[in-house]
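*Asks:* Protein chains in written order, with UniProt numbering: chain A, 1 to 155; chain B, 1 to 155.
Protein chains: 2
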Amino acid sequence: MRTSLNAPDPREDPLRLDHQLCFQFYAASNLIGRLYAPVLARLNLTYPQYLVMLVLWEEDAQSVGAIGKRLHLDTGTLTPLLKRMEALGHLSRQRDREDERRVRVSLTASGKALREEALHVPEIMTRGQDLEELDALRRTLAGVVEALCGGKAQA
Amino acid sequence: MRTSLNAPDPREDPLRLDHQLCFQFYAASNLIGRLYAPVLARLNLTYPQYLVMLVLWEEDAQSVGAIGKRLHLDTGTLTPLLKRMEALGHLSRQRDREDERRVRVSLTASGKALREEALHVPEIMTRGQDLEELDALRRTLAGVVEALCGGKAQA
DNA sequence: GCCTATTAAATTGTGCGCAATATAAATTGC
DNA sequence: GCAATTTATATTGCGCACAATTTAATAGGC
């Protein structure tokens, strides 16, 4: 549905920023991170650190690789991040006796206790939103994520 | 709809990673960046640099602030990024004569020429996908982004 | 058993993101 | 006009992300 002859409708330009789905993900992810920061700062956590805590609160003493598989992050990101969290007292890292290649990441007492403080974070962040709508979007995006990492393997 | 007595359905745990909409955005954004990287590397661009080029291909000679408003990035991110792009020969930065506070960012000849190479990037990245579906998702996410930055001002 | 291949983390180097601060130019008030 | 405020960019410091490489331990083939 061109407007006329060879003059291309600028709205059909494939390189228009507003046409890029990837940019909406990029912008939303950055903006969400900025929204969480002040809330998580009160728990002495950054946003990626909060995600690690979510993984460990579900199941303690996981390996670095298991955490990485869950969050789609590699050791280049996780190793220094986990060291910072260890320094903050949230968790401890120790080589697995059974398999010395592995490092088990375990919550400290304060790391476990922090879960109580974190319980209200989801509520704060979704306050005033339509929860049904957010959940529908979450399911849609979970499918996108699945497709993105399912396409390039991912056990 | 609890299963029994005081045993909470683990699926209702508000801190479950899979329940977090924010995580789906985070994971998708990271995975998308990883998918674009090898394609953009052939244009000598990173993903954020590609976004800057999209902005400048739409309208050349914009100020740092105008680019930042479009991408939701501040000068702490943009200034060094633009300097790297200048060093790569994609663009030039010069103080505005009218208002010496401003810095105008202009495409070089090779930066303009790079647009031809970039024209097929969206097609490569969306190959095999349902374009109607992607566009519906893009519109949904554009609304989310709008709500996220509309809530905290944004002129 | 021994050698090769595989697996798990750590390390290195580069490029973002962003809060906080600094610097400097334009605008406003009076 | 000139001080005070506002606006635009740069700088500093820290914490991710990630590709590529390295180191070390286990598993497999023979």
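C-beta: ideal position from N, C-alpha, C; glycine also.
So that I know if they touch, is there some Cβ in chain A lying closer than 8 Å to that of Q62(B)?
*Replies:* No - not a single Cβ of chain A is within 8 Å of the one on Q62(B).
*Asks:* Which word fits Q154(A), buried or exposed, when buried means at least 16 other C-beta atoms lie within 10 angstroms of its C-beta?
*Replies:* With a pLDDT of 43 at Q154(A), under the threshold of 50, the modelled position of that residue is not reliable, and no figure is offered here.
*Asks:* Just the chain B side, please: which residues come within less than 7 Å of N30(A) by C-beta, in chain order?
*Replies:* Simply H72.
*Asks:* So, does the stretch 19-28 of chain A touch the stretch 30-37 of chain B, judging by three or more C-beta pairs under 8 Å?
*Replies:* Yes: at least three Cβ pairs fall under 8 Å.
*Asks:* From K83(A) to D96(A), what does the alpha carbon distance come to, in whole angstroms?
*Replies:* Distance between the alpha carbons of K83(A) and D96(A) is about 17 Å.
*Asks:* Flag this pair as touching only if the stretch 52-64 of chain A and the stretch 102-113 of chain A have three or more C-beta atom pairs under 8 Å; answer yes or no.
*Replies:* Yes, the stretch 52-64 of chain A touches the stretch 102-113 of chain A.
*Asks:* Answer with yes or no whether the minimum CB distance from R16(B) to chain A is below 8 Å.
*Replies:* Interface residue, yes.
*Asks:* Helix, strand or coil, according to DSSP, for A147(A) in the structure here?
*Replies:* Three-state DSSP puts A147(A) in a helix.
*Asks:* In chain A, which residues lie with their C-beta within 8 Å of the C-beta of A118(B)?
*Replies:* In chain order: L15.
*Asks:* Tell me where the beta strand (DSSP E) around R104(A) begins and ends.
*Replies:* Taken as a continuous stretch (DSSP letters only), the beta strand (DSSP E) holding R104(A) covers V103 to L107.
*Asks:* Closer than 6 Å by C-beta to L56(B): which residues in its own chain qualify, once you throw out the five before and the five after it? Chain order, please.
*Replies:* Cβ within range, chain order: L107.
*Asks:* Excluding the five sequence neighbours on either side, which residues of its own chain have a C-beta within less than 8 Å of the C-beta of T75(A), listed in chain order?
*Replies:* For T75(A), where only same-chain residues beyond five positions count, the Cβ hits under 8 Å are V64, G65 and G68.
*Asks:* Kindly indicate if chain B contains any beta-carbon less than 8 Å away from that of V144(A).
*Replies:* Closer than 8 Å: yes.
*Asks:* Between which two residues does the beta strand (DSSP E) holding Q94(B) run?
*Replies:* Counting along the chain, the beta strand (DSSP E) containing Q94(B) begins and ends at L91 to R95.
*Asks:* Which whole-angstrom value describes the C-beta separation of L54(A) and R115(B), a residue pair presumed to lie in contact below a C-beta threshold of 8 Å?
*Replies:* Not quite, the Cβ-Cβ distance comes to about 42 Å (not below 8 Å), so this is no contact.
*Asks:* List, in order along the chain, the chain A residues whose C-beta lies closer than 8 Å to that of L134(B)?
*Replies:* L21, listed in chain order.
*Asks:* Is the shortest distance between the beta-carbon of A27(A) and the beta-carbons of chain B less than 8 Å?
*Replies:* True, the Cβ-Cβ gap to chain B drops below 8 Å.
*Asks:* Which runs of the alpha helix (DSSP H) spanning at least 4 residues fall entirely within the UniProt domain "HTH marR-type" (18-146) of chain A, listed in chain order?
*Replies:* The qualifying runs are 21-41, 47-58, 64-71, 75-87, 109-118 and 121-126.
*Asks:* May I have the straight-line CA-CA distance separating R138(A) from H72(A), to the nearest angstrom?
*Replies:* When rounded, the distance between both Cα atoms is 17 Å.
*Asks:* Considering only their Cβ atoms, is the gap separating L81(B) from V121(B) smaller than 8 Å?
*Replies:* No, the Cβ-Cβ distance between V121(B) and L81(B) is not below 8 Å.
*Asks:* Find the residues of chain A that neighbour L114(B), judging by a C-beta separation of less than 8 Å, and give them in chain order.
*Replies:* In chain order: nothing, as chain A lies at least about 11 Å away.
*Asks:* Within its chain, find whatever has a CB closer than 6 Å to the CB of Y50(B); leave out the 5 residues flanking it on each side and keep chain order.
*Replies:* Counting only Cβ-Cβ distances below 6 Å, and skipping sequence neighbours, we find L40.
*Asks:* Leaving aside the five residues before and after I124(B) along the sequence, list all residues of the same chain whose C-beta is less than 7 Å from its C-beta, in chain order.
*Replies:* Taken in chain order, the residues that qualify are V39.
*Asks:* Against chain B, with Cβ distances strictly below 8 Å, would residue 168(A) count as a contact?
*Replies:* This structure leaves residue 168(A) out entirely; chain A is present only between 1 and 155.
*Asks:* Using the Cα positions of E86(B) and D60(B), report the straight-line distance between them to the nearest angstrom.
*Replies:* Going from the Cα of E86(B) to the Cα of D60(B) covers about 14 Å.
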